Amino acid sequence: MAQSSIEWTEMTWNPTTGCTKISAGCKYCYAEVMTRRLQAMGIEKYKDGFAVRMHEDALYIPFTWTKPKIVFVNSMSDLFHSHVPVEFIKKVFAVMNDTPQHTYQVLTKRAERLFELQNQLAWTDNIWMGVSIEDSRVTHRIDFLRQTNAKTKFLSCEPLIGPLINLNLENINWVIVGGESGRKARPIKEWWAWDIRQQCAEQGVAFFFKQWGGINKKKTGREFGWKNL
Ligand code: SF4
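In this note's numbering, each residue's number is its place in the sequence shown (first place is 1) plus 16.
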């Protein structure tokens, strides 16, 4: 658990760590880079590097927070990775179910597994479920998300590396858009973001623009005409 620098959340909570790359959005995975650093620093939780690991001792951390928090679940992993047993996913959900004072944002690229397991999970109102959509090759993830019983559903289009035209946003509550950060960042085109913003407006979906990305995201600017609509 740590204070988060992610703009649309307050805290991160990592009951699992580690992952494997699954699509183009993973190319410069932040979690992998951070994991290597933490491993090099000798942090026990990351001693196995980026291999998928469950952390029973991290499960109950949300019970220790005295004030309501907005929590990004598994910033260092993907909860629906095939190496995370369903029993452990249920434990993570049980903690979220039992701490309704907190709002949890769960984001996955494994939308198929999310869909397969979703009937076995309890979807309390405080769980916001999202899928990552980096380009048009993975928009099928939205269809899996749409069919879940999550009350609040969102798309994280970050890093946006291609246009997303004709999105079906039915039953989706909000969309986050952002460019890729870092030295090797694949640049976002301005019209891709504007087009998604327009589609959100037409389909009555909240739109949150995060950043243009690049080497220094503050320098490259976070301005966007209708940010956070
Ligand atoms: S799914 Fe997420 S955590 Fe896993 S490799 Fe891809 S970007 Fe990294």
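For each residue, glycine too, the CB sits at the ideal point set by N, CA and C.
Values in this document were obtained by computation on a predicted structure and should not be read as measured data.
Asked	Found
Limits of the beta strand (DSSP E) - the one that Y120 falls within	119 to 124
Coil, strand or helix - S152 by DSSP	helix
Burial state of P101 (16 or more Cβ within 10 Å)	exposed
Nearest-angstrom Cα separation, counted from A217 out to F170	15 Å
Whole-angstrom distance between V87 and T6, CA atom to CA atom	In the structure as shown, the chain starts at 17 and stops at 245, and residue 6 therefore has no counterpart that could be examined.
Buried versus exposed call for F225 [16 or more other C-beta atoms within 10 Å across all chains shown]	buried
Integer-rounded CB distance, given that V108 should sit under 8 Å from L95	6 Å
E174 vs G146 beta-carbon contact at 8 Å	no
Three or more C-beta pairs below 8 Å linking the region 51 to 60 and the region 74 to 86	no
Start-to-end residues for the beta strand (DSSP E) that takes in W190	190 to 194
Distance cut-off 7 Å: D141 Cβ against heavy atoms of ligand 1	no
Chain-order list of residues whose beta-carbon lies under 8 Å from that of G65 (same chain, five-residue window excluded)	G34, T51, R52, Q55
Nearest to I177 (by Cα), restricted to the options R202, R126, A166, T168	R202
N30 burial status per 10 Å Cβ neighbour count (16 or more: buried)	buried
Residue range of the unbroken alpha helix (DSSP H) whose run includes M50	46 to 56
Residues proximal to ligand 1 by C-beta, any heavy atom closer than 5 Å	C35, K37, C42, C45, A47, D94, K125
Range of the contiguous beta strand (DSSP E) that encloses F223	222 to 227
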